[in-house]
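Asks: In this note's numbering, the protein residues as written are 1 to 210.
The C-beta atom is built at its ideal place from N, Cα and C for all residues, glycine as well.
Small disclaimer: the values here were computed from a predicted structure and weren't measured.
Quick one: structure below, then a few questions.
Rendered as C-alpha cells:
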C-alpha cells in the first residue's frame with residue numbers, strides 16, 4: 001500500500017518568470033526535507049505540475065499538508081503573492097513501475113488522478129479504495145483545507161518547523177528571534193492542534209486498513 005500525490009502550483013501563470021526558478025527550487029527543497037517522514041520519489045513536469053510516490057501511505061497526508069506549509073511560508077521578497085499548491089492524495093497499490101513516475105500506474109495513481117480532476121475550487125482531497133474512509137475524511141478535509149488556505153507565511157512557518165522538522169516552540173522562537181509567546185500565538189491561529197488531530201486520524205485509518 002502506497003500513496004501518490006498529484007499536484008500543481010496555484011495561479012502559476014501569475015508568478016513572474018524570474019521567480020519561477022526559485023519556486024521550483026523551493027518545492028524541491030521541501031520534498032527532499034520531507035523524506036524524513038517517508039521515502040519518496042517525485043517528478044516535476046510542465047513547469048508547475050508534479051507527482052510524488054510516497055512509500056508509507058500513512059505519511060502521505062502529512063507530507064501533502066507540509067508541502068503547502070512550506071510553499072506558503074516561502075513567499076518571495078519580490079512579490080506579495082503567496083505560493084501554494086492544489087493536491088490530491090490517492091492511496092492504493094502500485095503495480096506498474098517505469099523509470100518515470102508519470103508513466104507508472106496502479107490504484108494509487110488512478111485514485112490520485114481522479115481525485116485531482118474532482119478538486120474544483122478546493123486545494124486538498126483524498127481518495128482511497130475504502131468508501132467509508134473516503135466519506136469520513138471528506139468533511140474534515142474541507143475544514144482542513146479552509147484552515148491551510150488561510151495560513152499567513154508566519155503561521156505556515158511555525159507549522160512546518162513543528163510538524164516537519166520537529167522543532168519545539170522554544171527552538172522556533174530562538175531561531176526567529178521572537179518570544180515563545182508569539183510563536184505559541186501563531187500556532188494557535190494556525191489551528192495546529194486541529195491539523196495534528198486530522199493527520200493522526202488519517203494515519204490511524206490507513207494503518208488499520210492496510
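Can you list the beta strand (DSSP E) stretches of 3 or more residues lying completely in the segment 10-56, in chain order?
Replies: Those beta strand (DSSP E) runs which fall completely within the segment 10-56 and span 3+ residues are 40-45, 49-54.
Asks: Quick check on residue 170: does DSSP put it in helix, strand or coil?
Replies: Along the chain shown, read from residue 1 onward, the residue named residue 170 stands at position 170. Helix, per DSSP.
Asks: Please report the straight-line C-alpha distance between residue 38 and residue 32, rounded to a whole angstrom.
Replies: Against the chain shown, residue 38 aligns to sequence position 38. Against the chain shown, residue 32 aligns to sequence position 32. Straight-line Cα distance between these residues: approximately 10 Å.
Asks: Using only CA atoms, which one of 48, 6, 26, 29 lies nearest to residue 14?
Replies: Translated into the one-based positions of the chain shown, residue 14 becomes position 14. Closest by alpha carbon: 48.
Asks: Per DSSP, residue 92 is paired with what?
Replies: Against the chain shown, residue 92 aligns to sequence position 92. Answer is 2.
Asks: Ordered along the chain, which non-local residues of its own chain (more than five positions away) have a Cβ less than 6 Å from that of residue 57?
Replies: Taking the first residue of the chain shown as position 1, residue 57 is located at position 57. Same-chain partners within the cutoff: 1, 2, 3, 91, 206.
Asks: If you follow the beta strand (DSSP E) that residue 126 is part of, which residue opens it and which one closes it?
Replies: For this step, residue 126 is matched to residue 126 along the chain shown. Unbroken beta strand (DSSP E) run through residue 126: 124-127.
Asks: What would DSSP say about residue 190, mapped onto helix, strand or coil?
Replies: On the chain shown, residue 190 is found 190 positions in, with the first residue counted as 1. Note: residue 190 maps to coil in three-state DSSP.
Asks: Just grab the DSSP bridge partners of residue 87 for me.
Replies: Numbered from 1 along the chain shown, position 87 holds the residue referred to as residue 87. According to DSSP, residue 87 bridges with 7, 124.
Asks: Is residue 125 near residue 119, with beta carbons less than 8 Å apart?
Replies: Stepping through the chain shown from its first residue, residue 125 is reached at position 125. Stepping through the chain shown from its first residue, residue 119 is reached at position 119. Yes, the pair counts as a contact, with Cβ atoms nearer than the cut-off.
Asks: Alpha carbon to alpha carbon, what distance is there between residue 51 and residue 28?
Replies: Position 28 of the chain shown, counting from 1, holds the residue named residue 28. Position 51 of the chain shown, counting from 1, holds the residue named residue 51. Spanning the two alpha carbons is a distance of roughly 12 Å.
Asks: Thinking C-beta only, is residue 18 closer than 8 Å to residue 85?
Replies: What you label residue 85 is simply residue 85 of the chain shown in a count that begins at 1. What you label residue 18 is simply residue 18 of the chain shown in a count that begins at 1. No. Outside cutoff.
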